[in-house]
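Chemist:
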Amino acid sequence: MSVDDATFRSVLGLWPSGVCVVTTIGPHGVHGMTASSFSSVSLDPPLVSVCLGNHLPSHALLGAAGRFAISFLGKDQAHIGRRFAGQDRDITDRFTGLDWVTTPNGCPALADAVAWLDCKVAHAYPGGDHTIFVGEVTEAATPRVISPLLFHSRNWGQVADPLPAAIHLYVDTPLGDRAGQVRDAFAPGREGEVLDTIGELAALGLDEIVCVESATTPASPLQVRRVLQDAVVRARPATLRVRFDGRNRLALVNALVAMKSGVARFDVLTREPGAAGLPLDDLLHLARQLDVAHFRSDLAQIRE
């Protein structure tokens, strides 16, 4: 006895997956579709698989072309996922208005994807109402460092980072002219510039990069999240550290957002409230309320 269709679909919807756009070429041009049925198969040789419905135009085109590209979507590209899933009825040409590169195999790949793979069909296996296409990867690229787009319970989403197990507090530590600083890191409209700077500093081999809030442009929680969840990834292998301004009434909210974005190092001050720094006691109280362990390095310890 087989499971009923509704139950089967409901169960599969509970499995979270990444989202990709599968593209290929045909006699009348390029074609693409959104897919979440991607999987890695082998490292040696490098093989991946995608499952396409037998009724889809992409199925026949991909089989005939013998080649395809897979573009992994970032968290800010749900609109592209919807477009290639046919959910945007106002768009007649799915490829128009997007940036593309042509892979060595001649297939289009998104220029600003998280990553893309260029594949030649190695095997095609029947899988009920789908065909399992196994592709040998001949080229790969990672154009952009950003969190991936996810699909779960028929909704688009992104990775939610947990709180860190512990945070490290740097007490009364002057910045001075220390290398690895990104000033005015949370000003609106500077996200691209800030992320590029962090990438350049990481490439220099620095152990730590400090993002500093401007005293004249208070950071908003939304802007902190927008910058840090990508900055933490862009900074690797360096560690990211932040310095919020205690005069910002949202400073503690920003600290919580930073923790949720993967930051575990903070500059704090023991001076009176209103000084240009996050008060130590306030952040300690927040850490205790969240059951987050904390360690501190005072200036005297750092100088030793």
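All residue numbers for the sequence shown refer to this note's numbering, where the first residue is 806 and numbers rise by one. Backbone N, C-alpha and C fix where the C-beta goes; we use that ideal spot for every residue, glycine too.
Looking at Glu-998 and Asn-1053, is the spacing between their C-beta atoms short of 8 Å?
Modeler: No, the Cβ-Cβ distance between Asn-1053 and Glu-998 is not below 8 Å.
Chemist: Could you check where the alpha helix (DSSP H) with Gly-997 kicks off and where it finishes?
Modeler: Its alpha helix (DSSP H) spans residues 996-1008.
Chemist: Quick test of the definition: if touching needs 3 or more C-beta pairs under 8 Å, does the region 975-994 touch the region 1009-1026?
Modeler: Yes, they touch.
Chemist: What does the alpha-carbon distance come out to for the pair Ala-1043 and Val-1037?
Modeler: Each residue's Cα considered, the two are about 9 Å apart.
Chemist: If Asn-859 sits next to Asp-934, beta carbons under 8 Å apart, how far is it from one beta carbon to the other, in whole angstroms?
Modeler: Right, the Cβ-Cβ distance comes to about 6 Å (below 8 Å), so this counts as a contact.
Chemist: Let me make sure I understand the geometry here. Which of Asp-977, His-836, Trp-921 and Pro-979 has the alpha-carbon closest to that of Thr-908?
Modeler: With distances taken between Cα atoms, Thr-908 lies closest to Trp-921.
Chemist: Where does Asn-859 sit, in a helix, a strand or coil, going by DSSP?
Modeler: Here Asn-859 sits in coil by DSSP.
Chemist: Would you call the region 880-890 in contact with the region 943-958, where contact means no fewer than 3 C-beta pairs closer than 8 Å?
Modeler: Yes, they touch.
Chemist: By how many angstroms is the C-alpha of Pro-1026 removed from the C-alpha of Gln-986?
Modeler: For Gln-986 and Pro-1026, the distance between alpha carbons rounds to 20 Å.
Chemist: Just list the residues that DSSP pairs Arg-887 with in beta bridges.
Modeler: Looking at the DSSP assignment, Arg-887 forms no beta bridge with any residue, so it has no partner.
Chemist: On the CB-based measure, 16 or more other CB atoms within 10 Å of its CB, does Thr-1002 come out buried or exposed?
Modeler: By the neighbour-count rule (16 or more Cβ atoms within 10 Å), Thr-1002 is buried.
Chemist: Run through the region 877-942 for me and flag every whole beta strand (DSSP E) of 3 or more residues, listed as ranges in chain order.
Modeler: 905-907, 913-915 and 920-932, all fully within the region 877-942.
Chemist: Which residues bound the alpha helix (DSSP H) around Asp-1035?
Modeler: First-last of the alpha helix (DSSP H) with Asp-1035: 1026-1040.
Chemist: Could you give the DSSP three-state label for Leu-1045: helix, strand or coil?
Modeler: Three-state DSSP puts Leu-1045 in a strand.
Chemist: Relative to the alpha-carbon of Leu-980, which residue among Val-1073, Gln-892 and Ser-1066 has its alpha-carbon at the smallest distance?
Modeler: Selected option, being the one with the closest Cα: Val-1073.
Chemist: Would you report the Cα separation of Leu-1045 and Arg-949, rounded to the nearest angstrom?
Modeler: Leu-1045 and Arg-949: Cα-Cα distance of roughly 19 Å.
Chemist: Would you kindly work out how many angstroms separate the C-alpha atoms of Ser-854 and Ser-845, rounded to a whole number?
Modeler: Approximately 6 Å between the Cα atoms of the pair.
Chemist: How far does the alpha helix (DSSP H) with Ala-1063 in it reach, from first residue to last?
Modeler: Run containing Ala-1063: 1056-1065, per the alpha helix (DSSP H) assignment.
Chemist: Examine the Cβ distances between the region 892-902 and the region 922-931 and report whether three or more of them are shorter than 8 Å.
Modeler: Touching, no.
Chemist: Nearest to His-864 by CA position, among Val-939, Phe-900, Ser-822 and Leu-817, is which residue?
Modeler: Ranking Val-939, Phe-900, Ser-822 and Leu-817 by Cα distance to His-864 puts Val-939 first.
Chemist: Cβ atoms of Gly-1051 and Leu-1091: under 8 Å apart, would you say?
Modeler: It is not a contact, given that the beta carbons lie outside the stated cut-off.
Chemist: Trp-820 bridges to which residues according to DSSP?
Modeler: None, per the DSSP bridge assignment.
Chemist: Using a Cβ-Cβ cut-off of 6 Å (strictly less than) and excluding sequence neighbours within five positions of Val-1058, which residues of its own chain qualify?
Modeler: Within the same chain, Val-1058 has close Cβ partners Pro-1026.
Chemist: Is Ser-958 helix, strand or coil by DSSP?
Modeler: Three-state result, Ser-958: coil.
Chemist: Helix, strand or coil: how does DSSP classify Ala-1098 here?
Modeler: Strand, per DSSP.
Chemist: Can you check DSSP and say which residues form a bridge with Ala-946?
Modeler: Answer is Trp-921, bridged to Ala-946.
Chemist: Can you check DSSP and say which residues form a bridge with Phe-873?
Modeler: Bridge partners of Phe-873: Cys-924.
Chemist: Using the three-state DSSP reduction, which class does Asp-849 fall into: helix, strand or coil?
Modeler: Of the three classes helix, strand and coil, the one that applies to Asp-849 here is coil, per DSSP.
Chemist: Buried or exposed, going by whether 16 or more other CB atoms sit within 10 Å of the CB of Ser-958?
Modeler: The residue in question, Ser-958, is exposed, as its Cβ has fewer than 16 Cβ neighbours within 10 Å.
Chemist: Per DSSP, Ala-971 forms a beta bridge with which residues?
Modeler: According to DSSP, which records beta bridges pairwise, Ala-971 is partnered with Ala-1098.
Chemist: Once the 5 residues before and after Gln-1028 are set aside, which same chain residues still bring their CB inside 7 Å of it?
Modeler: Excluding positions up to five away in sequence, the list reads Phe-991 and Pro-993.
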